[in-house]
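Read the structure below first, then the notes.
There are 2 protein chains.
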Amino acid sequence: MSGSTVISIDAMGGDRGPGPILTGMSHLVSQNPDIRFIVHGDDAKLAELLRKRPDLAAKCEVRHAPGVVLMSEKPSRAIRDGRDSSMWKALETVASGDAKVAISSGNTGALMAMAILILRKSPGIDRPAIAVTWPSRAKHGYNTVLDMGADVRADPRNLLQYAVMGAEYAHLNFGIPRPRVGLLNMGTEPGKGPQEIQEAAKLIEAAESERFEFVGFVEGTDLSKTTADVFVTDGFTGNVTLKAAEGTALFIRDALRDAFRHSFWSRFGALFALTSLSRMRQRIDPRRANGGVFLGLNGAVVKSHGGADAVGFASAVELAAKMAETDFPRRVAAQLAKLDADGDTPLENKAGERGE
Amino acid sequence: MSGSTVISIDAMGGDRGPGPILTGMSHLVSQNPDIRFIVHGDDAKLAELLRKRPDLAAKCEVRHAPGVVLMSEKPSRAIRDGRDSSMWKALETVASGDAKVAISSGNTGALMAMAILILRKSPGIDRPAIAVTWPSRAKHGYNTVLDMGADVRADPRNLLQYAVMGAEYAHLNFGIPRPRVGLLNMGTEPGKGPQEIQEAAKLIEAAESERFEFVGFVEGTDLSKTTADVFVTDGFTGNVTLKAAEGTALFIRDALRDAFRHSFWSRFGALFALTSLSRMRQRIDPRRANGGVFLGLNGAVVKSHGGADAVGFASAVELAAKMAETDFPRRVAAQLAKLDADGDTPLENKAGERGE
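Chains A and B, in that order, are what the protein sequence lines are. Counting with this note's numbering, you get residues 1 to 356 for the letters of the first sequence. Counting with this note's numbering, you get residues 1001 to 1356 for the letters of the second sequence.
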């Protein structure tokens, strides 16, 4: 087995089992021959599935892991009892250096808890975050939003770290030279919103550098616009907001389908509109933006969407490959260390609880 | 001037001036001859506009108010300097008993601050909330969500009050016999999310009655589904979530339009799809759900959407009429008082800071 990028796969996570995961891997291997996989899970089951995909099998090393972390498992219990699981093994393979990135579509809370334990937090990071790409009017089609639920609440210092990590990530993912960071709030006027958001704005403003620009407060409507490239918020707000937007998109999709099914003429119209509709669907397809990325760890971890099919998984793998190729965690750590070393930044004033 | 329902109108609020407001009023008067208006604003301007609408003019009493609260005005300043404004006068007309409900499409923060000062909080309410109707798969087309930004953060006790008010409101607005209340969280498993959300769940569960059922934690995706009828959250989360969903809907609408403009054949398809699309648009049209209702005050106040046109305003007026006809604030107060009198409810354990 050779190839520049090795990706560690938790093949047993996710609601649909290893099938769609392997389909996604196949899809990607056909496009990027440099990728290799270390696949963790039930080896009998995986051997059987790989027998039908010899091209993929040639790129895979299967490592047996008897345990599975259930979607309903509490993170604390998963950490205690899940050391023989495909999830744990997938992360260990990154910690050992055998792979550059781990991917799982399993239980998010368990994955984050295990990742913190196995990979540890990056220097300068108090709390890791999950970043997602959000369909928008941006040139490259997406904005970056974090935290989407790695944590619950965030203090101003956490939000500053999210800003720095999010900007580095948007730079890597979309090639934006100096990403514009916005802080999600219930209004854009100064003085609006909770106290901790106002304090965070001051911290992020003071940390502005050649790596990112701070555009101040942004609102929910801005998420699909071009007001900012990176949107910073706490995990609770991020999670609820993301799911509300997904729910809205699904609701509209269903309403559209119902509308086209309504009569003979609407069915006839739908026939001509088919390519237009599929063009639109591609643009707003949440599966294409699949892959919540864990930022702030000594290693790259991608959470693929639980309900994702092959397209979504391939998109997550693509992203992971990019992170691995550019040594992302090291670059973020360097950025935070620089902030910290700079005497007049507010980080300096709050030492003591640092991860370094 | 006669008629069972008198509505007090702030004609000068809103981004587009009195024009669309009067159009909305006309629209409604043609459907509901029992409605009468007391209209506050610049009397020269209003007289001119009403001259062109004699049918509406017959239903209106104009009261001159020289001041206007700007959309950018801080609430604290609006309270201090805005006593001659159309907004203030519109609220005073409810306090005096001349009208049953006030409607404004002006500055939300100023409207809430003035409403608390002029109408005062209902007995048993610590913090009023703004409720909106959210397009959903529900039979009647909408769910109810609060608080959408009257306040910033909410403690468990505030969230309990939102639950009670929201359930009464959903009962009134949609005729749901025993509305199902859900508490917005980042997951549905017990123990998920912030501490205050878990405490609120306990309070709401204990307050369950023949007036509402508590279905526990709900997620962002549930907002457009039929999981619950009423969704309870703090003002910060509600505001960001609502705006994110609106942004998503607008983004999809634009993507759809672009898709149909793409080629000759897609334009041709769009021709046949037109009625289907307008059918869908009606269903998800946020203007039809227009009207954030202020709950928890001794009087009914409706905030019409700032960018609303005539359809949206008519929808807000219709809702206000319904609230006025059913003496809504009194019914909510009775409900809360009953909860409070009931010895084994948790409200009893937290006396001292009550508004009563």
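Just so you know, even glycine gets a beta-carbon here, dropped at the ideal spot from N, CA and C.
Where the alpha helix (DSSP H) containing residue i begins and where it ends
i       : result
B:V1178 : Before going on, a small fix: residue 1178 of chain B reads as Arg here, not Val. Unbroken run through B:R1178: none, as it is neither H nor E.
B:T1023 : 1018 to 1031
B:I1252 : 1235 to 1260
A:A300  : Not the alpha helix (DSSP H): A:A300 falls in the beta strand (DSSP E), residues 300 to 303.
B:F1174 : 1156 to 1174
A:E213  : Premise fails: A:E213 lies in the beta strand (DSSP E), 213 to 218, not in any alpha helix (DSSP H).
A:E205  : 195 to 207
B:E1048 : 1043 to 1051
Test: residue i CB closer than 7 Å to a CB of chain B
i      : result
A:R80  : no
A:F251 : yes
A:E219 : yes
A:A110 : no
A:R53  : no
A:G393 : Within the shown structure, residues of chain A are numbered from 1 to 356, placing residue 393 of chain A beyond reach of any answer.
A:L184 : yes
A:G13  : no
A:L297 : no
A:S224 : yes
A:A129 : no
A:P194 : yes
A:K243 : yes
Residue i versus the options, residue with shortest Cα-Cα distance
i       : options                            : result
B:A1044 : B:T1237, B:M1012, B:V1132          : B:M1012
B:V1230 : B:K1243, B:V1215, B:T1237, B:T1188 : B:V1215
B:A1110 : B:N1032, B:V1181, B:V1068, B:D1327 : B:V1068
B:L1295 : B:A1324, B:V1218, B:S1315          : B:A1324
B:D1084 : B:G1019, B:G1247, B:A1065          : B:A1065
B:S1072 : A:P128, A:E189, A:A300             : A:E189
B:I1116 : B:T1144, B:S1076, B:N1032          : B:S1076
B:A1131 : B:P1018, B:A1200, B:V1302          : B:V1302
B:L1336 : B:A1259, B:Q1195, B:D1126, B:L1256 : B:D1126
B:L1319 : B:A1170, B:K1052, B:A1150          : B:A1170
B:V1145 : B:L1223, B:R1257, B:E1205          : B:L1223
A:H140  : A:F260, A:L172, A:S30              : A:L172
B:A1333 : B:V1232, B:L1046, B:K1322, B:A1300 : B:A1300
A:D361  : A:D81, A:M87, A:T326               : Because chain A here runs from 1 to 356, residue 361 of chain A falls outside it and cannot be looked at.
A:K59   : A:I79, A:E205, A:E213, A:S30       : A:S30
Residues of its chain near residue i, where Cβ-Cβ distance is below 7 Å and the 5 sequence neighbours each way are ignored
i       : result
B:V1006 : R1036, I1038, D1098, A1099, K1100
B:N1298 : L1119, R1120, S1122, P1329
B:K1225 : S1136, R1137
B:E1356 : Its pLDDT being 31, under 50, B:E1356 is placed unreliably by the model, and the measurement read from it follows with that caveat. So the list reads P1123, G1124, once near-sequence residues are dropped.
Minimum Cβ-Cβ distance from residue i to chain A less than 7 Å
i       : result
B:N1239 : yes
B:F1236 : yes
B:G1166 : no
B:E1246 : yes
B:K1100 : no
B:K1202 : no
Spatial neighbours of residue i in its chain, beta-carbon cut-off 6 Å, leaving aside the 5 residues before and after
i       : result
B:L1242 : M1148
A:A154  : D234
A:L91   : A102, M114, A115, I118
A:A95   : I118, L119
B:S1008 : I1038, A1090, T1093, V1094, A1099, A1102
A:S4    : D34
A:G17   : none
A:T108  : K303
A:N239  : M148, G149
A:A201  : L183
A:I176  : A170, D229
A:F217  : L183, N185, T188
Start-to-end residues for the beta strand (DSSP E) that takes in residue i
i       : result
A:T133  : 129 to 135
B:T1005 : 1005 to 1010
A:S371  : Here chain A comprises residues numbered 1 to 356, so residue 371 of chain A is not present and cannot be evaluated.
A:R80   : First-last for A:R80: 75 to 81, but that is the alpha helix (DSSP H), not the beta strand (DSSP E).
A:E189  : A:E189 -> no beta strand (DSSP E), and no H or E assigned at all.
B:G1097 : No beta strand (DSSP E) holds B:G1097; DSSP gives it neither H nor E.
A:T144  : 142 to 146
B:G1292 : 1292 to 1295
A:R63   : 60 to 64
Close beta carbons around residue i, own chain, < 8 Å, minus the five adjacent residues each side
i       : result
B:E1219 : L1184, N1185, M1186, G1187, T1188
A:L49   : P18, G19, L22
7 Å Cβ cutoff, residue i in contact with chain D
i       : result
B:R1153 : Of the protein chains in the structure, A and B, none is chain D.
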